[in-house]
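Input: a single structure, listed below in structure tokens.
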Amino acid sequence: MNPMSPHDIATVPGALSPVFVPAPPPAESSILPVLGVPVTDVTMEHALGLLQNMLYEQPRRAHSVYFVNTHTLNNACDNPAYRAVLQSADRVFGDGTGVRWASRILHGVTLKDNVNGTDLVPLMFQRWANQGLRYFLLGNTPERIEIAARRAQEMFPGWTLAGYHTGYLGPDDHAKVIEKINASGADLMLVGMGNPKQEQWIHDHLDQLTVPLCLATGGLFDYWVGDLVRAPRWVRKLGYEWLHLLSRQPHKAGRYLIGNPKFLGRIVRSWLFRHDRRHDRIRHP
């Protein structure tokens, strides 16, 4: 998909501002199972097209979009119920070196792109700016989500902040938060609670939500607050951003130093027993 041009924009009668007319992405996208989770193999541009079509799909409904890395997939292996949540998503994208290794080992395919939320979300805000779209942020502590919301307004002036709420919810809070989200008129919701909590929350409440796009974005708000800094581009291209994150968050050493070998062992086992080849390269529109 090419970047949006003025010809991709039309005025809807009665609207206060122009909106995108969805341009269909390429007809098919490959779905590569990785440890039982269906990963969509597309470029970043194609991913934007898929999200855009969800945004304007009629009749309007909420869509779930998740990003999986080695830690996420290890969680899915340890918790079949969580794997079922990932399997139920409208789209799952592969994030990081581990998923790329897995696709090569299991399917002999190099993923077209590293479609991670940290890069995709800002790109989406940039491409869809000044179209009258609204977003809602859910996650983190009350103080930090307020800072993240303020930073988002500074970084993405072509959008309207519809609202935000902490991700620390008690048993009686969910209904009120859902009511607040729906009343905000948000077109996009970013949920940053960490996994598996964020995907589980979206899954559990998707039928009650009216936001077309619900993205689980992990630590994205931590970058906006300033607690995390992206690795240099050359480090990311080499696939070693996880080392940069480890240096910034040494308390997560077990996730990488134990989790990565465990993930590789699971991938090799899946390759030996052909667990992920039974539906190799499923094609989806």
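The opening residue of the sequence shown carries number 59 in the working numbering; numbering runs sequentially from there. All residues carry an ideal CB built from backbone N, CA and C; glycine is no exception.
- Rounded to whole angstroms, the separation of the alpha carbons of Trp329 and Gly276 is 29 Å.
- Here DSSP, grouped into helix, strand and coil, assigns Val173 to coil.
- Looking only at Gly197, Lys234, Pro229 and Asn188, the smallest Cα-Cα distance to Pro215 is reached by Asn188.
- Setting aside the 5 residues that flank it on each side, Arg149 is surrounded in the same chain by Thr98, Leu108 and Val123, each with a C-beta closer than 7 Å to its C-beta; the list follows chain order.
- Excluding its 5 nearest sequence neighbours in each direction, Gly243 has C-beta neighbours in its own chain below 8 Å: Arg192 and Ala220, listed in chain order.
- Residue burial is scored here from C-beta neighbours: Pro319 has fewer than 16 other C-beta atoms within 10 angstroms and is therefore classed as exposed.
- DSSP, reduced to helix, strand and coil, places His263 within a helical segment of the structure shown.
- Assignment of beta-bridge partners to Phe279 by DSSP yields no partner.
- In this structure, the straight-line span from the alpha carbon of Glu201 to that of Gly252 is close to 17 Å.
- Sixteen is the threshold: when 16 or more other Cβ atoms of the shown chains lie within 10 Å of the Cβ of Met247, as they do, the residue is buried.
- Taken atom to atom, the span from the alpha-carbon of Gly190 to that of Gln211 is near 14 Å.
- Bounds of the alpha helix (DSSP H) holding Arg158 are Thr155 to His165.
- The alpha-carbon of Val235 is positioned some 20 Å away from that of Arg208.
- DSSP places Arg149 outside any alpha helix (DSSP H); the residue lies instead in the beta strand (DSSP E), whose first and last residues are Arg149 to Gly152.
- Scanning the segment 163 to 236 from its first residue to its last, the whole alpha helix (DSSP H) runs of 4-plus residues come out as 175 to 185 and 200 to 213.
- For Ser122, the enclosing beta strand (DSSP E) has its first and last residue at His121 to Val126.
- Counting the other Cβ atoms within 10 Å of the Cβ of Glu237 gives fewer than 16, which makes it exposed.
- Under the three-pair Cβ rule at 8 Å, the segment 155 to 169 counts as touching the segment 127 to 138.
- A residue is called buried when at least 16 other Cβ atoms come within 10 angstroms of its Cβ; Tyr226 does not meet this threshold and is exposed.
- Where Val143 is concerned, the enclosing alpha helix (DSSP H) starts and stops at Pro138 to Gln145.
- Per DSSP, reduced to three states, the secondary structure at Thr101 is coil, with no helix or strand assignment.
- Taking 8 Å as the upper bound for CB-CB distance, Glu257 and Leu144 are in contact here, some 6 Å apart.
- Just measuring C-alpha positions, the residue of Leu195, Leu273 and Leu315 sitting nearest Thr218 is Leu195.
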